[in-house]
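Notes to accompany the following structure.
Residue numbers (this note's numbering): 2 to 533.
Now the structure itself:
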C-alpha cells in the first residue's frame with residue numbers, strides 16, 4: 002500500500018523524454034576507418050548507431066544539426082524502444098522537425114514541438130496538428146511503398162506485422178477517432194499520479210517541489226531551471242507555457258500508453274499516464290547551450306529559464322537541420338556519390354531511421370546484418386538491464402558504448418546514484434566493454450569501448466553467473482509499485498522477468514484506481530487508467 006511519504010516512484014514506467022542533455026553522436030563514435038569506405042555503396046563513410054530507449058530523438062536531432070561541421074557521412078540510426086507509443090512519438094516528432102518550411106514556419110514548428118513533446122495539455126492549434134499528422138501517418142504505416150515515397154528517412158520494415166498494426170492503432174487514437182477529453186482525462190490522471198507519488202505530502206507539494214529542485218536538480222547541475230516553471234509543471238504537467246495559461250486545455254494524447262490489466266478475472270486493455278512526474282522535460286534541451294550567455298546568472302538567479310533555453314536550442318537545431326538537408330545539400334550528396342537517383346524514385350536522404358522489434362535486444366546478434374555492425378551503442382538509464390554480451394556482439398571491435406546515468410532522477414540519493422554507476426560499469430565489462438580512460442569523467446554519461454572479437458556473446462557474464470541483478474530503473478514490463486520506493490534489483494534474464502497483473506478495485510468505477518497482484522500480494526498501481 003502507499004506509504005505516508007508517497008510511493009517514491011516519480012520516474013514512471015514509461016519514458017517520454019530524456020533525462021540527459023542531447024549528444025552529438027558523431028563526437029561519441031570512433032574515427033572513420035578508411036578501409037571501410039570500400040564496403041559502402043557510394044564510397045561515403047557511414048555511421049551505424051544503435052539506440053536503446055532514446056525515447057525523444059534528441060540525440061539524433063543534435064547529430065543531424067551538427068553534421069555540417071564534420072566530413073560528409075551517411076547516418077543509419079537503429080532505434081529500439083520498449084513500447085510502440087514511444088516509436089510513434091519518434092515518428093511524429095521527426096515528421097514535424099523535417100516539415101517543409103513552406104508548410105510550417107520555423108517558429109511555429111519549434112513551439113509545436115515543445116508543446117507536444119513536453120506538455121500534458123495542448124493549445125487547440127497544436128492539438129489540431131497532432132490529429133491531422135497522426136491521421137496521415139495512420140494511413141501511411143500499412144503501406145510501406147507510400148511510406149518510403151513520402152518519408153524516405155523512415156524505415157518500419159524491421160517491425161513485426163502485429164507491431165505495425167498496433168502502431169497504426171496508436172496513430173488512429175491520436176487522430177481523434179475517439180472524441181472528447183473524457184477518453185483521456187489528462188488533468189485527472191496527472192493529479193492522481195501526483196497524489197500517489199506524494200502521499201501525505203500532497204498538501205505540501207509546493208514545498209516538495211522546491212526541495213527537489215533546489216536540493217537535488219540544481220545541486221546536480223540543472224541550475225537554470227526556474228522554480229516557477231518547475232512548480233507549474235509539477236502541478237499541471239505544462240512545462241512550456243508559450244501563451245496564456247488559459248490556452249492550454251486539450252489533453253496531449255501522445256502521452257497516453259496502454260497496459261493489460263485484470264478486471265473481474267478477465268484481461269482488459271487500459272489507457273493511462275504512466276510517465277515521469279518528478280524530473281520533467283527540462284534536462285534534454287534546457288540546461289546546456291552553445292551560447293554561454295544564456296546560462297549566466299545575476300544576483301544568484303539565472304537570467305534565462307530552462308524553457309527559454311529549450312526554445313532557443315530547439316530553434317537552432319531545426320534551423321541547422323533544415324540548412325543541412327536542404328535541396329542543395331541533398332543534391333550535393335547525390336553528386337558526390339556519383340549515383341543520382343533515376344527520375345520517379347524518392348529523393349535519397351543522407352540519414353535513415355530504422356525501428357527494430359520491441360523484444361529484439363537479445364536476438365539481434367543472431368542476424369548476420371547486425372553482428373558486429375554498430376560503431377556506437379547508446380543505452381538510456383531505463384534500459385541498462387538489456388545490456389548483455391549478446392547485445393555487445395552487435396558492436397564492432399573498437400566501437401563505443403555510451404550509457405546514460407541516473408544523475409537527474411530526484412528519487413535517488415547520492416549513495417544510490419553511485420551504486421547505479423558502479424553497477425553500470427560491471428554490466429558493461431561483462432558485455433565485453435572497457436571504460437574510456439582518456440575522457441573527462443562525467444556524472445551524466447558513462448563511456449566505454451568494445452574489446453576483442455565482435456562475435457563474443459552468450460555464456461555467463463564475466464563470472465557473474467546467472468546473478469545479473471542490476472539496480473535498474475522501471476521498464477514497461479515492470480510497473481512501479483509503492484512497495485519499491487527506490488529502484489529495485491531484479492534478475493536480468495528475460496525469461497525470469499516477473500509478470501505483473503493489475504486488478505480493478507472492487508466497486509471502483511472505470512478510471513479510478515487499480516491494485517497490482519504480484520507474487521508477494523496486492524500492491525497499489527502507480528497512476529490511473531481508463532478502461533478502453
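Just so it is clear, CB atoms sit at the ideal spot from N, CA and C, and this is done for glycine as well.
Per-residue DSSP class, three states only, for residue i
i	result
residue 193	helix
residue 135	helix
residue 203	helix
residue 316	helix
residue 15	coil
residue 409	coil
residue 357	coil
residue 291	coil
residue 60	helix
residue 264	strand
residue 364	coil
residue 30	coil
residue 184	helix
residue 171	helix
residue 302	strand
residue 345	No answer about residue 345 holds up, because its pLDDT of 47 lies below 50 and its placement is not dependable.
residue 398	strand
residue 224	coil
residue 321	helix
residue 47	strand
residue 372	coil
Cβ neighbours of residue i in the same chain (closer than 7 Å, five flanking residues each side left out)
i	result
residue 209	199, 202
residue 89	168, 171, 172
residue 214	226, 228, 231
residue 404	380, 385, 425, 429, 446, 447
residue 301	none
residue 282	18, 118, 119, 240
residue 233	239, 242
residue 418	407, 408
residue 399	31, 450, 451
Beta-carbon contacts of residue i that lie in its chain and below 8 Å, excluding the five residues immediately before and after
i	result
residue 120	238, 239, 240, 241, 249, 253
residue 154	95, 99, 350, 352, 353, 354
residue 142	148, 157, 165, 168, 169, 172
residue 191	121, 237, 238, 274, 278
residue 219	226
Local Cβ density within 10 Å of residue i, reported as buried at 16 or more and exposed below that
i	result
residue 217	buried
residue 18	buried
residue 20	buried
residue 294	exposed
residue 441	exposed
residue 3	Caution applies to residue 3, whose pLDDT of 49 falls short of 50 and renders its modelled position unreliable; the value that the coordinates give is listed next. So residue 3 counts as buried.
residue 108	exposed
residue 540	Absent from the structure is residue 540, since the part of the chain shown begins at 2 and ends at 533.
residue 344	Low per-residue confidence applies at residue 344: pLDDT is 49, beneath 50, and the placement is therefore not dependable enough to give any value.
residue 22	buried
residue 197	buried
residue 369	exposed
residue 162	exposed
residue 103	exposed
residue 180	exposed
residue 551	Residue 551 is absent from the model: the chain starts at 2 and stops at 533.
residue 57	buried
residue 28	exposed
Neighbourhood of residue i by C-beta, 6 Å cutoff - its chain only, sequence neighbours within 5 removed
i	result
residue 444	408
residue 156	353, 355
residue 51	79, 375, 378
residue 136	176
residue 65	322
Selection from the options that minimises the alpha carbon distance to residue i
i	options	result
residue 359	81, 302, 406	81
residue 292	309, 112, 416, 265	309
residue 236	259, 194, 296	194
residue 70	387, 267, 325, 307	325
residue 247	265, 124, 382, 362	124
residue 75	49, 87, 85	49
residue 392	431, 296, 16	431
residue 327	259, 212, 306, 101	101
residue 187	251, 451, 159	251
residue 222	212, 289, 402	289
residue 93	129, 85, 134	134
residue 388	416, 371, 434	434
residue 55	418, 260, 15, 363	15
Distance between beta carbons of residue j and residue i, contact taken as under 8 Å
i	j	result
residue 322	residue 62	7 Å
residue 272	residue 257	5 Å
residue 1	residue 174	What the structure shows of the chain is the stretch from 2 to 533, and residue 1 is not part of that stretch, so it cannot be assessed.
residue 45	residue 67	Wrong, their Cβ atoms sit about 17 Å apart, outside the cutoff.
Any non-hydrogen atom of the ligand MG closer than 6 Å to residue i Cβ
i	result
residue 99	Annotation note on the ligand MG: not contained in the displayed structure, which lists no ligands.
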